[in-house]
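When you line the sequence shown up against my numbering, it's residues 2 to 369, in that order.
Before any comments, here is the structure.
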Amino acid sequence: MTVKLDPWGHFAIEKYEKLFTQFGIEPIDKVLDKLPSPHHFFHRRIVFGHRDFDKWLEALRRGERVAVLTGFMPSGHTHLGHLMVIEELRYLQSLGAHIKVVVADAEAYAVRRRSRREVIEYGREYITHALAWGLDPDKTEFYFQTANTPTYYRLIQMFSRKVTMAEMEAIYGRLEPAKIMAALTQAADILHLQLDEYGGYKYILVPVGADQDPHIRLTRDIADRFENELGLKRPSSFYHKFIRGLDGNKMSSSHPEYAIFLLDPPKTIRKKVFMALTGGRATAEEQRKYGGEPEKCTVYELYMYFLYRSDELLRRVYEECTGGVILCGACKRRAAKLLLEIIEEHQKKYREIAESGIVEKMVRIPDF
Ligand code: SF4
2 MTVKLDPWGH
12 FAIEKYEKLF
22 TQFGIEPIDK
32 VLDKLPSPHH
42 FFHRRIVFGH
52 RDFDKWLEAL
62 RRGERVAVLT
72 GFMPSGHTHL
82 GHLMVIEELR
92 YLQSLGAHIK
102 VVVADAEAYA
112 VRRRSRREVI
122 EYGREYITHA
132 LAWGLDPDKT
142 EFYFQTANTP
152 TYYRLIQMFS
162 RKVTMAEMEA
172 IYGRLEPAKI
182 MAALTQAADI
192 LHLQLDEYGG
202 YKYILVPVGA
212 DQDPHIRLTR
222 DIADRFENEL
232 GLKRPSSFYH
242 KFIRGLDGNK
252 MSSSHPEYAI
262 FLLDPPKTIR
272 KKVFMALTGG
282 RATAEEQRKY
292 GGEPEKCTVY
302 ELYMYFLYRS
312 DELLRRVYEE
322 CTGGVILCGA
332 CKRRAAKLLL
342 EIIEEHQKKY
352 REIAESGIVE
362 KMVRIPDF
């Protein structure tokens, strides 16, 4: 069965490996030994695939100016799924990359049908979280799509000339005008940093969830067609698996009861973790006898993505679970405690950043 990647849909991918053969995404394995410093998202294969990430790392090694561009769709409050990208940005920033983050407010308005006021506020919240999670304000740029400079809009118009409808529908399926605009705008988001006016970064890396690959494919084709005219080069990308919501589907603000939002009150977070889908057996007796199934468990995923950076600690959870040493109630209690420690610390920093007014100083926030 083929996988359909829809950047505007809500779905979980069952078999990420299929994306290698179907779309030509490269497995991350061969790049692992080229990473200048380790990060658990990579060796745990949470980041599972890439396009030309090795070339970007090579440019970084040679001391070329490299940049990272990624985005946030402000159609809801920030949750752990969004935090994955922020975590990746923090890592890439530590390697010396320039970081630029687009708040896709035009897209959220047109495609997700949110009001302008909502998307602006969700965007402001996301930027505040990114800074609170540790992105360096001196080395990070944020912008809203609707508040960029004229050359960026000119790119969107220019790109429309060299893309056909048939080609776009081959990548995305059936498209309405809002999605055509959104796709071309994303291409401008990814490629504009290569122009001298925006820094002239020729090596751009786009870290995203696997569902965003259609935008990367379109953008790489567009870069090829504008190589002579604008000197554009193909961007690189890498892809992470989605963290699942606590019901086992992709974490999404459309299903708030199963998502962990970064501003959820501690009581709510505890409650959500306690009702999470696990890989536990039907009875305590069976679990002690056969062990649990961490591969199916959304709580284990919390340990793997955010709670334990130490492989040794993670391995212990795995063995306790599969060996029937721990039951799900105790395991959830420990996960909730660890998660709350992280989130409460983050919320404290969030409040400090929000009160400091730094976001308004750094970013031009649209009026409506
Ligand atoms: S013991 Fe923990 S890791 Fe294992 S299935 Fe239960 S909650 Fe998940």
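Glycine is no exception: its CB is placed at the ideal position from the N, C-alpha and C atoms.
From a predicted model like this one, the values you see are computed outputs, not experimental measurements.
Buried versus exposed call for residue i [16 or more other C-beta atoms within 10 Å across all chains shown]
| i | result |
| --- | --- |
| N229 | exposed |
| I344 | buried |
| M276 | exposed |
| L33 | exposed |
| R221 | buried |
| M166 | exposed |
Coarse secondary structure for residue i, derived from DSSP in three states
| i | result |
| --- | --- |
| A68 | strand |
| S95 | helix |
| G50 | strand |
| P28 | strand |
| F243 | coil |
| Y291 | helix |
| G330 | helix |
| Y306 | helix |
| Y1 | Residue 1 cannot be examined here, being either before or after the span of the chain that is shown, 2 to 369. |
| K349 | helix |
| F73 | strand |
| R45 | coil |
| S164 | It should be noted that the sequence gives Val, not Ser, for residue 164. Residue state, collapsed to three classes: coil. |
| H216 | helix |
| I366 | coil |
Cβ neighbours of residue i in the same chain (closer than 8 angstroms, five flanking residues each side left out)
| i | result |
| --- | --- |
| L90 | V69, T71, I100, V102, A131, L136, T141, P208 |
| R365 | Y144, F145, A148 |
| T150 | E198 |
Neighbourhood of residue i by C-beta distance below 7 angstroms, restricted to the same chain and skipping five residues each side
| i | result |
| --- | --- |
| Y304 | L315, V318, A336 |
| E302 | I244, R245 |
| Y110 | R117, V120 |
| I261 | H80, L81, I270, K273 |
| R125 | V360, I366 |
| H83 | F73, Y127 |
Close beta carbons around residue i, own chain, < 6 angstroms, minus the five adjacent residues each side
| i | result |
| --- | --- |
| R66 | Y202 |
| Y309 | L315 |
| Y123 | P75 |
| G77 | S254 |
For residue j and residue i, the rounded distance between their alpha carbons
| i | j | result |
| --- | --- | --- |
| Y154 | R45 | 39 angstroms |
| E168 | S161 | 12 angstroms |
| E353 | K19 | 44 angstroms |
| F24 | I217 | 11 angstroms |
| K242 | H40 | 15 angstroms |
| W338 | C332 | Checking the sequence, you will find Lys at residue 338 rather than Trp. Near 10 angstroms, if we compare the C-alpha coordinates of C332 and K338. |
| R271 | G293 | 21 angstroms |
| L219 | K163 | 11 angstroms |
| F307 | Q187 | 29 angstroms |
| Y291 | I327 | 12 angstroms |
| D265 | H256 | 14 angstroms |
Residues that residue i bridges to, as DSSP identifies them
| i | result |
| --- | --- |
| G210 | H241 |
| E141 | Here residue 141 is Thr; the residue named in the question, Glu, does not match the sequence. DSSP lists I100 as partners of T141. |
| S251 | The amino acid at residue 251 is misidentified as Ser; the sequence shows Lys. Note: K251 sits in a beta bridge opposite R245. |
| H80 | F262 |
CB contact below 7 angstroms: residue i versus chain C
| i | result |
| --- | --- |
| A184 | Absent from the structure: chain C. Only one protein chain is present. |
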